[in-house]
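Here is the structure we will look at, set down as structure tokens.
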Amino acid sequence: MQLSEAIPRLAWALNLPALVAAADGACAFAVQGVSVSLIPRRDAGAFICRAHLGALGRGHLDSQLEPLLAANLFAMGVGGAVIGVDAQARVFLTQHFQEDGLEFAVLLRWLERFVQRAVACRASLAAPSQAGAT
Numbered sequence: 016m017q018l019s020e021a022i023p024r025l026a027w028a029l030n031l032p033a034l035v036a037a038a039d040g041a042c043a044f045a046v047q048g049v050s051v052s053l054i055p056r057r058d059a060g061a062f063i064c065r066a067h068l069g070a071l072g073r074g075h076l077d078s079q080l081e082p083l084l085a086a087n088l089f090a091m092g093v094g095g096a097v098i099g100v101d102a103q104a105r106v107f108l109t110q111h112f113q114e115d116g117l118e119f120a121v122l123l124r125w126l127e128r129f130v131q132r133a134v135a136c137r138a139s140l141a142a143p144s145q146a147g148a149t
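In my numbering, the protein residues as written are 16 to 149.
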């Protein structure tokens with residue numbers, strides 16, 4: 016299933032008001048308080064799913080690095096989404112997904128796990144900064 020076919024079906028399945036792809040084929044929505052973006056990779060027959068988890072505090076990077084690595088390596092086993100940090104210290108959970116042979120039921124299960132992981136990672140990354148603030 017191509018991402019363009021999945022977007023309207025996701026809107027229906029997730030009870031989203033209107034989920035419309037942008038001109039580049041990407042779309043964004045919120046599920047369980049997690050902002051999710053689906054971004055097509057036309058050259059690879061795949062799409063990227065990305066969730067913004069927050070930002071690392073500049074100057075506190077040393078104290079946040081260990082929880083970040085622990086969340087990335089040990090949160091839900093291997094073979095799934097990965098946590099990354101961009102140049103502005105924003106933290107994202109990202110996973111690439113092949114479109115070939117993709118069934119909609121599989122996409123829904125995968126999206127549910129992705130959102131659960133995003134919620135868990137966001138909570139584990141917030142815990143150290145909350146502890147340091149008190």
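Note that CB positions come from ideal geometry on N, CA and C, so glycine has one too.
For L25, the enclosing alpha helix (DSSP H) has its first and last residue at L18 to A28. Relative to Q110, the option among Q103, D58 and A133 whose CA is nearest is A133. Cβ-Cβ distances below 8 Å link V130 to V46, Q47, V49, V51 and A66 in the same chain, with the five nearest sequence neighbours on each side left out; the list follows chain order. Membership of L71 in any beta strand (DSSP E) is not indicated, and neither H nor E is assigned to it by DSSP. About 13 Å separates the beta carbon of I22 from that of A38, a gap too long to meet the 8 Å contact definition. Counting C-beta atoms within 10 angstroms of its own C-beta, P55 has 16 or more neighbours from the protein chains shown and is therefore classed as buried. In this structure, the CA atom of L68 is about 7 Å from the CA atom of C136. Taking 3 residues as the shortest admissible run, the stretch 45-69 contains the following complete beta strand (DSSP E) segments, listed from N- to C-terminal end: 49-56.
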